[in-house]
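Asker:
And the structure:
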């Protein structure tokens, strides 16, 4: 019989809060989540709690950045006159 | 060499007017030409119309000293081809007319600059239609000196000479219009001027008709020495181009770019073309025949990008082309793509089929040498299934399958070299079966919003759920064992809920952090 034991660190945000990365990341790479199952190589120090209001503001920033990126995807060539 | 600066339509117009006023009063009248050709059609009688259902009629005009011949290849609906032909023998006294027609044969049919162009037209009044015909003699006015009297000896021509015809005759004669248009591509004054002023020694058509809002037809002139057609018709009003010789062409960048009136082109020869950027970008093109870009070694970038009316494309050969970004981007009327000959070199497929909203299925394309697929299949809103895609050399999946709202099953994609996984499947809310190989293999991979809105992944059956487990666990790369930094995937809450605690634990053990929205 083979027995495998996993140890998973689970972070759960407090009521009225969300989790996000502790460090600086590109706005489009920012995660806002109520719960995180950390990789074996991850650390709780890499995450921090923010309020729901802060999370909403960040989401708005993310949406705006995503829209800007989308509009830049469709680029038609302009002939050099 | 003729370029945009040298080409002055006003000057040519003056020349054409001068020639016309110099030659029309001469002894050959427009009515003679029209009447003679009508005579030929009269000889054919009702043969064409009595031949049953016709698929197509190919007329050919031949002239030799002493006679004129009109022959018709009649392709019937059953595929058989009949040929009808008629001759008018010209008396010796009319040899000069035969000479005129020989010029049509030798110089028009063979696409060399002609000296003579006939331009028949009709004036209808009640049941009587009068045939008229313009005769443009450009520079050889003294060569033809037939008289009205000598032409009057033509038995069939004299019947209609003077130009009075019935509607039935006009129907037949409309064929003649087609003959002349097919032979010369001259459809209006502007194209006549181009025809008249063309220099067959031209090697560059670069920018020649760029922004020209007068041009409608580009006639059948001698372009056999043209090597550069960069921006030749860019942003012009071109609507129709004759089947010109493009065999020497090496540059076709922006050749028909933003020509809103251009609906199709003949099967032009691009076999020596090495650069073909945005050839038809944002044009009104609807149907494209098979085209050979097999020597295009640099780029076919944006070839049909933004061609929102494009419905049909023949087989395209891009076997040496390293850049096919935006190839069919926003071709929102495209309903099918004939599999094209993929590059046999590493190539870029960014935005390849992006927003082809009427494509019901992803075309069969070998992606094994494709290195970039960002936005490539984004916005294929009718596609429900995608088979195995050989993406083993691709490094970029950014938004590759985003907004494929009806996609239910993606058989298999390989992410072995993919660094950018951002928004890859975003908003694919119907996607239940999705198998990804080698997730997380690239050390500095990015995966923000990869699965945002993918709420159905793993739903509906154990097979679907297994695809979720296989992608995140069974076939994913063990980043922890490799000593890589953790890579986070954010899943929709219902998707995360389809994983067991053990599966989540095993996934995190391989170096992936899982979060939910």
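Protein chains in written order, with this note's numbering: chain A, 1 to 81; chain B, 82 to 598.
We put the beta carbon where it would ideally sit given N, CA and C, even for glycine.
Keep in mind the model is a prediction, meaning the values are calculated, not measured.
#1: Confirm, please, whether the CB-CB distance from residue 318 (chain B) to residue 296 (chain B) is below 9 Å.
#2: Smallest Cα separation from residue 307 (chain B): which of B:325, B:490 and B:290?
#3: Under 8 Å by Cβ, that's how I've got residue 266 (chain B) and residue 272 (chain B) pegged, so tell me the actual separation to the nearest angstrom.
#4: Quick one: give me the first and last residue of the beta strand (DSSP E) that residue 514 (chain B) is part of.
#5: For residue 79 (chain B), return the contacting residues in chain A, with the cut-off set at a CB-CB distance below 9 Å.
#6: Beta carbon of residue 598 (chain B), beta carbon of residue 533 (chain B): below 9 Å?
#7: Once the 5 residues before and after residue 338 (chain B) are set aside, which same chain residues still bring their CB inside 6 Å of it?
#8: Return helix, strand or coil for residue 572 (chain B), following the three-state DSSP convention.
#9: Going by the beta-carbon positions, is the gap between residue 480 (chain B) and residue 507 (chain B) smaller than 9 Å?
#10: On the three-pair Cβ rule with 8 Å, is the region 560-569 of chain B touching the region 507-516 of chain B?
#11: To the nearest angstrom, how far is it from the Cα of residue 65 (chain A) to the Cα of residue 28 (chain A)?
#12: On the premise that residue 413 (chain B) lies in contact with residue 438 (chain B), defined as a C-beta separation below 8 Å, what is that separation, rounded to the nearest angstrom?
#13: Based on DSSP bridge pairs, tell me the residues matched to residue 490 (chain B).
#14: Between residue 597 (chain B) and chain A, is any beta-carbon pair separated by less than 9 Å?
#15: Using CA coordinates, which residue listed in B:463, B:372, B:574 and B:419 is at the minimum distance from residue 392 (chain B)?
#16: State the CB to CB distance for the pair residue 558 (chain B) and residue 520 (chain B), rounded to an integer number of angstroms; the pair is presumed to be in contact (CB under 8 Å).
#17: Against residue 593 (chain B), what residues of chain A qualify as contacts under a CB-to-CB distance less than 8 Å, listed in chain order?
#18: With distances taken Cα to Cα, identify the nearest neighbour of residue 292 (chain B) among B:285, B:282, B:313 and B:497.
#19: Helix, strand or coil for residue 345 (chain B)? Go by DSSP, reduced to three states.
#20: Nearest to residue 448 (chain B) by CA position, among B:465, B:460, B:440 and B:477, is which residue?
#21: Which residues mark the beginning and the end of the alpha helix (DSSP H) in which residue 69 (chain A) is found?
#22: Can you tell me whether residue 2 (chain A) is buried or exposed, with buried defined as 16 or more other CB within 10 angstroms of its CB?
#23: Which class does residue 274 (chain B) belong to by DSSP, given the choice of helix, strand or coil?
#24: If I'm right that residue 589 (chain B) touches residue 38 (chain A) with Cβ under 8 Å, what's the distance once you round it to whole angstroms?
#25: Would you list the one or two residues that DSSP bridges to residue 527 (chain B)?
#26: What first and last residue would you give for the alpha helix (DSSP H) that runs through residue 328 (chain B)?
#27: Quick one: is residue 73 (chain A) near chain B, going by C-beta distance under 9 Å?
#28: Between which two residues does the alpha helix (DSSP H) carrying residue 562 (chain B) extend?
#29: Residue 550 (chain B) lies in the alpha helix (DSSP H); which residues open and close that run?
#30: Would you say residue 358 (chain B) reaches chain A, if we count a Cβ-Cβ gap shorter than 9 Å as a contact?
#31: With 9 Å as the threshold, decide whether the Cβ of residue 33 (chain A) is near any Cβ in chain B.
#32: In three-state DSSP terms, what is residue 12 (chain A)?
#33: Using the Cα positions of residue 579 (chain B) and residue 547 (chain B), report the straight-line distance between them to the nearest angstrom.
#34: Closest to residue 396 (chain B) by C-alpha separation, out of B:436, B:380, B:407 and B:348, would be which residue?
#35: Counting contacts by CB-CB distance shorter than 9 Å, is residue 561 (chain B) in contact with chain A?
#36: Is there at least one Cβ from chain A nearer than 9 Å to residue 382 (chain B)'s Cβ?
Answerer: Here's the rundown:
#1: The sequence position of residue 296 (chain B) within the second chain is 215, counting from 1. The sequence position of residue 318 (chain B) within the second chain is 237, counting from 1. Contact annotation: residue 296 (chain B) and residue 318 (chain B) have beta-carbon atoms nearer than 9 Å.
#2: Locating residue 307 (chain B) in the second chain gives position 226, counting from the first residue. For the residues B:325, B:490 and B:290, the minimum Cα distance to residue 307 (chain B) belongs to B:325.
#3: For this step, residue 266 (chain B) is matched to residue 185 along the second chain. For this step, residue 272 (chain B) is matched to residue 191 along the second chain. Indeed, because the Cβ distance is near 7 Å, the residues count as touching under 8 Å.
#4: In the second chain, residue 514 (chain B) corresponds to position 433, counting from 1. Residues 514-518.
#5: The question about residue 79 (chain B) has no answer, for chain B in this structure spans 82 to 598.
#6: As a working note, residue 598 (chain B) is residue 517 in the second chain. As a working note, residue 533 (chain B) is residue 452 in the second chain. Using a Cβ distance threshold of 9 Å, residue 598 (chain B) and residue 533 (chain B) count as a contacting pair.
#7: The residue you call residue 338 (chain B) lines up with position 257 of the second chain. Hits under 6 Å: 315, 359 and 362.
#8: Counting from 1 along the second chain, the entry for residue 572 (chain B) is found at position 491. If DSSP states are grouped into helix, strand and coil, residue 572 (chain B) belongs with the strands.
#9: Locating residue 480 (chain B) in the second chain gives position 399, counting from the first residue. Locating residue 507 (chain B) in the second chain gives position 426, counting from the first residue. Cβ atoms of residue 480 (chain B) and residue 507 (chain B): closer than 9 Å.
#10: No: the two stretches stay apart, fewer than three of their Cβ pairs being nearer than 8 Å.
#11: Position 65 of the first chain, counted from the start, is the residue given in the question as residue 65 (chain A). Position 28 of the first chain, counted from the start, is the residue given in the question as residue 28 (chain A). Computed Cα separation, rounded: 7 Å.
#12: Here residue 438 (chain B) is taken as the residue at index 357 of the second chain, counted from 1. Here residue 413 (chain B) is taken as the residue at index 332 of the second chain, counted from 1. That pair is a contact at about 5 Å.
#13: Here residue 490 (chain B) refers to the residue found at position 409 of the second chain. Listed as beta-bridge partners of residue 490 (chain B) by DSSP are B:466 and B:514.
#14: Position 516 of the second chain, counting from 1, holds the residue named residue 597 (chain B). Interface residue (Cβ-Cβ distance to chain A less than 9 Å): residue 597 (chain B) is classified as such.
#15: Counting from 1 along the second chain, the entry for residue 392 (chain B) is found at position 311. Cα-wise, what sits closest to residue 392 (chain B) is B:419.
#16: For the purposes of this step, residue 558 (chain B) is taken as residue 477 along the second chain, with counting starting at 1. For the purposes of this step, residue 520 (chain B) is taken as residue 439 along the second chain, with counting starting at 1. Contact flag correct, Cβ pair sits at about 6 Å.
#17: Position 512 of the second chain holds residue 593 (chain B). Result: 39.
#18: Residue 292 (chain B) sits at position 211 when you count from the first residue of the second chain. The residue with the shortest Cα to Cα distance from residue 292 (chain B) is B:313.
#19: Along the second chain, one-based indexing puts residue 345 (chain B) at 264. The three-state secondary structure of residue 345 (chain B), taken from DSSP, is strand.
#20: Against the second chain, residue 448 (chain B) aligns to sequence position 367. Among B:465, B:460, B:440 and B:477, the Cα nearest to that of residue 448 (chain B) is on B:477.
#21: Counting from one through the first chain, the residue named residue 69 (chain A) turns up at place 69. Residue 69 (chain A) -> alpha helix (DSSP H) spans 52-73.
#22: As a working note, residue 2 (chain A) is residue 2 in the first chain. Exposed, since its Cβ has fewer than 16 Cβ neighbours within 10 Å.
#23: As a working mapping, residue 274 (chain B) is identified with position 193 in the second chain. In this structure, residue 274 (chain B) counts as helix in the three-state DSSP scheme.
#24: As a position in the second chain, residue 589 (chain B) is number 508, starting the count at 1. As a position in the first chain, residue 38 (chain A) is number 38, starting the count at 1. About 6 Å; that satisfies the 8 Å criterion.
#25: As a first step, residue 527 (chain B) must be located in the second chain, where it is residue number 446. Its beta-bridge partners are B:501.
#26: Position 247 of the second chain, counted from the start, is the residue given in the question as residue 328 (chain B). Where residue 328 (chain B) is concerned, there is no enclosing alpha helix (DSSP H), given that its DSSP letter is neither H nor E.
#27: Within the first chain, residue 73 (chain A) is the residue found at index 73, counting from 1. It does; some Cβ of chain B falls within 9 Å.
#28: Reading the second chain from its first residue, position 481 is the one you call residue 562 (chain B). Per DSSP, residue 562 (chain B) belongs to the alpha helix (DSSP H) from 560-563.
#29: Residue numbering aside, residue 550 (chain B) sits at position 469 when the second chain is read from its first letter. Judged by DSSP secondary structure, residue 550 (chain B) falls within the alpha helix (DSSP H) whose first and last residues are 543-550.
#30: On the second chain, residue 358 (chain B) is found 277 positions in, with the first residue counted as 1. Output row for residue 358 (chain B): interface = yes.
#31: Indexing the first chain from 1 puts residue 33 (chain A) at position 33. Taking Cβ atoms only, chain B reaches closer than 9 Å to residue 33 (chain A), which makes this a yes.
#32: One-based indexing of the first chain puts residue 12 (chain A) at position 12. Under the three-state reduction of DSSP, residue 12 (chain A) is assigned to strand.
#33: Numbered from 1 along the second chain, position 498 holds the residue referred to as residue 579 (chain B). Numbered from 1 along the second chain, position 466 holds the residue referred to as residue 547 (chain B). In a straight line, the C-alpha of residue 579 (chain B) is about 10 Å away from that of residue 547 (chain B).
#34: Translated into the one-based positions of the second chain, residue 396 (chain B) becomes position 315. Nearest Cα to residue 396 (chain B) within the set B:436, B:380, B:407 and B:348: B:348.
#35: Sequence index remark: in the second chain, residue 561 (chain B) carries index 480 (1-based). Contact of residue 561 (chain B) with chain A is assigned, a C-beta pair being separated by under 9 Å.
#36: Taking the first residue of the second chain as position 1, residue 382 (chain B) is located at position 301. Yes - at least one Cβ of chain A is within 9 Å of the one on residue 382 (chain B).
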